[in-house]
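A.B. asks: First, the structure itself, so that you have it in front of you.
2 protein chains.
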Amino acid sequence: MVINIKNFINSHVLKTKMNDFQDLEHIDGLSISTISADLYDKTRDDLVMFYFREGANYASVYTQSKIISENIKWNLSLRSKKIKSLIVNTRNANAFTGQKGYQGLKEIAEEVSFQLSKKQIEDEDFPRKVLPSEIIFGCTGTIGEKYPTEKIKKHIPDLINKIKYTQNKLVWIKAAMGIMTTDLKPKLAMEKCKIGNMKIKIYGIAKGSGMIFPNMATTLGYIFTDANLSNDILKKLLKKNIGTTFNAISCDGDTSTNDMVSIFSTGKIKNKNVININDKNIKDFDVSLHSVLLSLAKRIAADGEGASKFITVQVNTCKTQEDAKTIAFSIANSSLVKTAIAGNDPNWGRIIMAIGKANIDIKINKLAIKLGPIKIVEKGQLLKSYLEDDAAVYMKEEEKIDIVVDLNIGKKNFTAYTMDLTKKYIEINTDYRT
Amino acid sequence: MVINIKNFINSHVLKTKMNDFQDLEHIDGLSISTISADLYDKTRDDLVMFYFREGANYASVYTQSKIISENIKWNLSLRSKKIKSLIVNTRNANAFTGQKGYQGLKEIAEEVSFQLSKKQIEDEDFPRKVLPSEIIFGCTGTIGEKYPTEKIKKHIPDLINKIKYTQNKLVWIKAAMGIMTTDLKPKLAMEKCKIGNMKIKIYGIAKGSGMIFPNMATTLGYIFTDANLSNDILKKLLKKNIGTTFNAISCDGDTSTNDMVSIFSTGKIKNKNVININDKNIKDFDVSLHSVLLSLAKRIAADGEGASKFITVQVNTCKTQEDAKTIAFSIANSSLVKTAIAGNDPNWGRIIMAIGKANIDIKINKLAIKLGPIKIVEKGQLLKSYLEDDAAVYMKEEEKIDIVVDLNIGKKNFTAYTMDLTKKYIEINTDYRT
Numbered sequence: 001m002v003i004n005i006k007n008f009i010n011s012h013v014l015k016t017k018m019n020d021f022q023d024l025e026h027i028d029g030l031s032i033s034t035i036s037a038d039l040y041d042k043t044r045d046d047l048v049m050f051y052f053r054e055g056a057n058y059a060s061v062y063t064q065s066k067i068i069s070e071n072i073k074w075n076l077s078l079r080s081k082k083i084k085s086l087i088v089n090t091r092n093a094n095a096f097t098g099q100k101g102y103q104g105l106k107e108i109a110e111e112v113s114f115q116l117s118k119k120q121i122e123d124e125d126f127p128r129k130v131l132p133s134e135i136i137f138g139c140t141g142t143i144g145e146k147y148p149t150e151k152i153k154k155h156i157p158d159l160i161n162k163i164k165y166t167q168n169k170l171v172w173i174k175a176a177m178g179i180m181t182t183d184l185k186p187k188l189a190m191e192k193c194k195i196g197n198m199k200i201k202i203y204g205i206a207k208g209s210g211m212i213f214p215n216m217a218t219t220l221g222y223i224f225t226d227a228n229l230s231n232d233i234l235k236k237l238l239k240k241n242i243g244t245t246f247n248a249i250s251c252d253g254d255t256s257t258n259d260m261v262s263i264f265s266t267g268k269i270k271n272k273n274v275i276n277i278n279d280k281n282i283k284d285f286d287v288s289l290h291s292v293l294l295s296l297a298k299r300i301a302a303d304g305e306g307a308s309k310f311i312t313v314q315v316n317t318c319k320t321q322e323d324a325k326t327i328a329f330s331i332a333n334s335s336l337v338k339t340a341i342a343g344n345d346p347n348w349g350r351i352i353m354a355i356g357k358a359n360i361d362i363k364i365n366k367l368a369i370k371l372g373p374i375k376i377v378e379k380g381q382l383l384k385s386y387l388e389d390d391a392a393v394y395m396k397e398e399e400k401i402d403i404v405v406d407l408n409i410g411k412k413n414f415t416a417y418t419m420d421l422t423k424k425y426i427e428i429n430t431d432y433r434t
Numbered sequence: 435m436v437i438n439i440k441n442f443i444n445s446h447v448l449k450t451k452m453n454d455f456q457d458l459e460h461i462d463g464l465s466i467s468t469i470s471a472d473l474y475d476k477t478r479d480d481l482v483m484f485y486f487r488e489g490a491n492y493a494s495v496y497t498q499s500k501i502i503s504e505n506i507k508w509n510l511s512l513r514s515k516k517i518k519s520l521i522v523n524t525r526n527a528n529a530f531t532g533q534k535g536y537q538g539l540k541e542i543a544e545e546v547s548f549q550l551s552k553k554q555i556e557d558e559d560f561p562r563k564v565l566p567s568e569i570i571f572g573c574t575g576t577i578g579e580k581y582p583t584e585k586i587k588k589h590i591p592d593l594i595n596k597i598k599y600t601q602n603k604l605v606w607i608k609a610a611m612g613i614m615t616t617d618l619k620p621k622l623a624m625e626k627c628k629i630g631n632m633k634i635k636i637y638g639i640a641k642g643s644g645m646i647f648p649n650m651a652t653t654l655g656y657i658f659t660d661a662n663l664s665n666d667i668l669k670k671l672l673k674k675n676i677g678t679t680f681n682a683i684s685c686d687g688d689t690s691t692n693d694m695v696s697i698f699s700t701g702k703i704k705n706k707n708v709i710n711i712n713d714k715n716i717k718d719f720d721v722s723l724h725s726v727l728l729s730l731a732k733r734i735a736a737d738g739e740g741a742s743k744f745i746t747v748q749v750n751t752c753k754t755q756e757d758a759k760t761i762a763f764s765i766a767n768s769s770l771v772k773t774a775i776a777g778n779d780p781n782w783g784r785i786i787m788a789i790g791k792a793n794i795d796i797k798i799n800k801l802a803i804k805l806g807p808i809k810i811v812e813k814g815q816l817l818k819s820y821l822e823d824d825a826a827v828y829m830k831e832e833e834k835i836d837i838v839v840d841l842n843i844g845k846k847n848f849t850a851y852t853m854d855l856t857k858k859y860i861e862i863n864t865d866y867r868t
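What follows is the structure, given as structure tokens:
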């Protein structure tokens, strides 16, 4: 699979244009390096390093699988308050690789530490020694295969040599492409905001694209900001915003061992000290972070394996948000709903089926269903005005399909994001390793 | 879709041979009629009547969806101790059809009652009047479409005229084919057993084949016996045996509004009175009923939409059966596991993933995984003796794939049945109504 930077332009349903990322520039305190470590086949980059010269505060959320990958074990063991580098490899998940997989990360961390220290002597841009315990890892790829420790170690000098001290659009896109597995396009998002009167950047990259349910499966998401925020504040902001963004997407109902979303703040912008997430100075950052996370999450769903349509499932007016979420995911994870959408078939009976199987108490005579602008069911009755042909035209013409369900029994809402289920999904997943 | 009786022979992975059903014969007290009511397109039968001349004791279990079809509402409203007729239509689920759908069933029941009473005058084989409230309905097909009341009513005289007073193999196969929707083959099973010293027959038919999770979705299963058993005993036996049979299968994780499994006993064999399901006289019947239900359930999974392989997921040595069931279905419902099997890819990492996401506490260092006879993981370690090529050969050559997981932390087991996920599934479900 050769991926060309130009290939991703206009290639998919959430059309990303190069211009969208025109503004992507340097985040002070961050350097990036992207290389091929031959993990795939040298036709693409597959090893990415994010290097924080002076360290970064950080927070992460991880998969809720009972079986977690070795890199997540490593990350959870870190006690360092600041992180110096995030290293992400693709092709191999380093999951169910046991003690050897963990040991591999240790060796790589030691090699990075050694090589950076060597570089430090030659180059004053490297201000001080990096400890192995200041390195955090992201891994994605096949589960259960031997972790390619030697291959990665061998490429560490090259990785460090290719560090770009400043970023522009292309550096960001290369990094986003370097962490992809079966993704068809790189996923980036950016926002600018203010903390107090200081201008702040929030940039993010992510990868999908199978196993995205219910909690960020096979997702890697990395957010970078030049703000100065403590680990505690970063953690609270990440937790607050993850539920309606990365945890609101589903591609195939499967969950990976490797999910990881992290935020890093280089602290280069000397904004006011924030000690409480209710502090009004952090409001703008909070909203912008949500926007970056949601944009990345939507891009993951839109680029879900085999996707031809991006689907939004909005479930409104429920008694609790949990009820709304259960119904939304029951619809978003239904193979029958997702194949109907792939076939441009407004088979709303399958939406009814998925609402029913969610096992949430509803009042049928209050139920309303819309497909985009088209009202289908109101007060539990199929509308006489409903014309299936209208719905079929909507489905055929739109690349973003909106399913809107109203229970009309409460005030809580939830929106889930997913994609249709196509033959392409089967192709990708029957042939993944071959 | 024209289905020929001969077509189903050797047509699928659980090879049914005509000879398997050589012994299917008459169940005393039961008559069957199968016709085309033009619900599809006259190329196939789509309306089936089971007529119990002297009534039958019965019990049913229904879908656990919060939205149930009109025929299930009708069935739940029946207060009659004996049932005179079961009428099953395909093509239309009579779900989300509201008061009109319910009214349609009432009209059809009245028409059946009227026509049978008329027939009674002409034919002494019809011993007494049938009340509308003695008729139970099975419906399967598209949800939300107007129920074809008039079409069905119009065909009632023909349905009654074509009643076969005795059954042979062909009558049974025709009935099993008459209740199919997207099934590729009819599903029948039979057992002979004894209650006390009296010989008893237990015959069953069923249909699948999407939306089969977790509780019999889009499944209709009908069991007929000539035993003399009370409604109470039938209910208890059905509930006791459904959990490890019809509720142990999953095709696509979806659940229908119309699921229904019923057992009818004509009471023509004057066996000993049984008032307790622990009575040793009912033991043989109990085992045989389980066998009939399991055979039908497996046939449904094997004929799941698009299936090319039948998959058994055996999860053993768990703390509770509920834990075992949760893990088994996490594997059986995983699109990634199911596509790997479709591609003959022994990607056991996906099994690990599915175990992990089940959210059940496990001890990784006790975990064992086998694929058929091939040991892959023991004590949480990939075995050095494991050769992926062996597993690939197994997957390629076998049509029945056995996944065996041992947690080694308890004594409880559960086996789930499913099929692989193929392009054919997508084809069937994107084109279902077109």
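Top line first, the protein sequences correspond to chains Y and W.
Residue 380 in my numbering sits at position 380 of the first sequence, with consecutive numbering throughout.
Residue 848 in my numbering sits at position 414 of the second sequence, with consecutive numbering throughout.
Note that beta-carbon positions come from the ideal geometry of N, C-alpha and C, so glycine has one too.
Please read all numbers here as calculations on a predicted model, not as lab measurements.
Is there a Cβ of chain Y sitting closer than 9 Å to that of W/Asn527, yes or no?
C.D. replies: Note on residue identity: the sequence assigns Ala, not Asn, to residue 527 of chain W. By this cut-off, W/Ala527 is an interface position.
A.B. asks: Measure the alpha-carbon distance for Y/Ala328 versus Y/Asn347 and round it to whole angstroms.
C.D. replies: Near 17 Å, if we compare the C-alpha coordinates of Y/Asn347 and Y/Ala328.
A.B. asks: Kindly indicate if chain C contains any beta-carbon less than 9 Å away from that of Y/Gln64.
C.D. replies: Given the protein chain composition of this structure (Y and W), no chain C is represented.
A.B. asks: Name, please, each residue of chain Y whose Cβ falls closer than 9 Å to the Cβ of W/Ala776.
C.D. replies: Within 9 Å Cβ-Cβ: Ile426, Asn429 and Thr430.
A.B. asks: Along the chain, which unbroken stretches of the beta strand (DSSP E) at least 3 residues long are found entirely within the region 728-792 of chain W?
C.D. replies: Whole beta strand (DSSP E) segments, 3+ residues: 744-752.
A.B. asks: So, under 8 Å CB-CB, W/Val482 and W/Val522 are touching, yes? Tell me the CB distance rounded to an integer number of Å.
C.D. replies: The Cβ separation is near 5 Å, so the contact holds.
A.B. asks: Quick one: Cα of Y/Glu54 to Cα of Y/Asp226, how far?
C.D. replies: Y/Glu54 and Y/Asp226: Cα-Cα distance of roughly 12 Å.
A.B. asks: Does the region 57-75 of chain Y come close enough to the region 263-271 of chain Y to have 3 or more Cβ pairs within less than 8 Å?
C.D. replies: As far as the Cβ criterion goes, the region 57-75 of chain Y touches the region 263-271 of chain Y, which means the pair count is three or higher.
A.B. asks: Tell me whether Y/Pro132 is buried or exposed, calling it buried when 16 or more other Cβ atoms sit within 10 Å of its Cβ.
C.D. replies: Result: buried.
A.B. asks: Taking Cβ positions, are Y/Val404 and Y/Leu371 nearer each other than 9 Å?
C.D. replies: Result yes, Cβ atoms of Y/Val404 and Y/Leu371 sit closer than 9 Å.
A.B. asks: Anyone know if the C-beta pair for W/Asp720 and W/Lys628 falls short of 9 Å?
C.D. replies: Cβ distance not < 9 Å, so W/Asp720 and W/Lys628 don't count as in contact.
A.B. asks: Just mark W/Lys732 as buried or exposed, buried being the case when its beta carbon has 16 or more other beta carbons within 10 Å.
C.D. replies: W/Lys732 comes out buried.
A.B. asks: Closest by CA to Y/Lys174, which one among Y/Thr181, Y/Thr166, Y/Tyr165 and Y/Pro186?
C.D. replies: The candidate whose alpha carbon is nearest that of Y/Lys174 is Y/Pro186.
A.B. asks: Using a beta-carbon distance below 9 Å, is Y/Leu371 in contact with chain W?
C.D. replies: No, because no Cβ of chain W sits closer than 9 Å to the Cβ of Y/Leu371.
A.B. asks: Measure the C-alpha to C-alpha separation of Y/Ala416 and W/Ser547 and round it to an integer number of angstroms.
C.D. replies: Distance between the alpha carbons of Y/Ala416 and W/Ser547 is about 49 Å.
A.B. asks: Based on Cα-Cα distance, which residue from Y/Ile311, Y/Lys424 and Y/Phe52 lies nearest to Y/Ile163?
C.D. replies: Among Y/Ile311, Y/Lys424 and Y/Phe52, the Cα nearest to that of Y/Ile163 belongs to Y/Phe52.
A.B. asks: For Y/Gly196, decide whether its Cβ has a neighbour in chain W, counting only Cβ atoms nearer than 9 Å.
C.D. replies: No, no contact with chain W.
A.B. asks: So if I threshold CB-CB distances at 7 Å, which residues from the region 367-392 of chain Y count as touching chain W?
C.D. replies: Answer in chain order: Gln381 and Leu382.
A.B. asks: For the ligand MN, is there a heavy atom less than 8 Å away from the beta-carbon of Y/Glu427?
C.D. replies: This structure lacks the ligand MN, and indeed carries no ligand of any kind.
A.B. asks: Check whether chain Y comes within 9 Å of W/Lys857, counting only Cβ atoms and requiring the distance to be less than that.
C.D. replies: With 9 Å as the cut-off, W/Lys857 counts as an interface residue toward chain Y.
A.B. asks: Could you tell me which chain Y residues have their CB closer than 8 Å to the CB of W/Gly398, listed as they occur along the chain?
C.D. replies: What the structure shows of chain W is the stretch from 435 to 868, and residue 398 of chain W is not part of that stretch, so it cannot be assessed.
A.B. asks: Just to make sure I have the definition right: I need the residues of chain Y whose C-beta is within less than 9 Å of the C-beta of W/Asp795. Which are they?
C.D. replies: The contacting residues are Lys66.
A.B. asks: Y/Ala206: which of Y/Leu382, Y/Leu188 and Y/Lys384 sits nearest, CA to CA?
C.D. replies: Ranking Y/Leu382, Y/Leu188 and Y/Lys384 by Cα distance to Y/Ala206 puts Y/Leu188 first.
A.B. asks: Can you find the residues in the same chain that come closer than 7 Å, C-beta to C-beta, to Y/Asn215, ignoring five residues on each side of it along the sequence?
C.D. replies: The predicted position of Y/Asn215 is uncertain, since its pLDDT is 39 and thus under 50; no value can be drawn from it.
A.B. asks: Just to check my reading of the structure: Y/Gly306 and Y/Ile428 have Cβ atoms closer than 8 Å, yes? What is that Cβ distance to the nearest angstrom?
C.D. replies: Going by Cβ atoms, the distance from Y/Gly306 to Y/Ile428 rounds to 6 Å, so yes, they are a contact pair.
A.B. asks: Should Y/Phe28 be flagged as near chain W, meaning a C-beta pair shorter than 9 Å?
C.D. replies: The question names Phe, but residue 28 of chain Y is Asp in the sequence shown. Cβ-Cβ to chain W under 9 Å: no for Y/Asp28.
A.B. asks: Find out if the Cβ-Cβ distance for the pair W/Leu801, Y/Gly144 is shorter than 9 Å.
C.D. replies: Not closer than 9 Å, so no.
A.B. asks: Hey, does Y/Leu86 have any beta-carbon neighbour from chain W nearer than 9 Å?
C.D. replies: By this cut-off, Y/Leu86 is not an interface position.
A.B. asks: Are the region 267-274 of chain Y and the region 147-163 of chain Y touching by the rule of at least three beta carbon pairs closer than 8 Å?
C.D. replies: Because the criterion of three Cβ pairs below 8 Å is not met, the region 267-274 of chain Y and the region 147-163 of chain Y do not touch.
A.B. asks: Out of curiosity, what's the CA-to-CA distance linking Y/Gln99 and Y/Ala109?
C.D. replies: Approximately 15 Å, taken between the alpha carbons.
A.B. asks: Check whether the Cβ atoms of W/Leu727 and W/Gly655 lie closer than 9 Å to each other.
C.D. replies: Yes, these two residues count as a Cβ contact at 9 Å.
A.B. asks: Would DSSP call Y/Lys17 helix, strand or coil?
C.D. replies: Only weak support is given to the placement of Y/Lys17: the predicted model assigns it a pLDDT of 48, under 50, and the value that follows is read from those uncertain coordinates. Of the three classes helix, strand and coil, the one that applies to Y/Lys17 here is coil, per DSSP.
A.B. asks: Which of the three DSSP states is assigned to Y/Phe96 in this structure?
C.D. replies: Coil, per DSSP.
A.B. asks: Just to confirm the assignment, what range does the beta strand (DSSP E) spanning Y/Gly221 have?
C.D. replies: From DSSP, the beta strand (DSSP E) with Y/Gly221 extends over Leu220 to Thr225.
A.B. asks: Do W/Asp737 and W/Gly630 have their C-beta atoms closer together than 9 Å?
C.D. replies: In this structure, W/Gly630 does not lie closer than 9 Å to W/Asp737 by Cβ.
A.B. asks: Looking at Y/Asn408: is its Cβ nearer than 9 Å to the Cβ of Y/Gln314?
C.D. replies: Contact flag unset, no.
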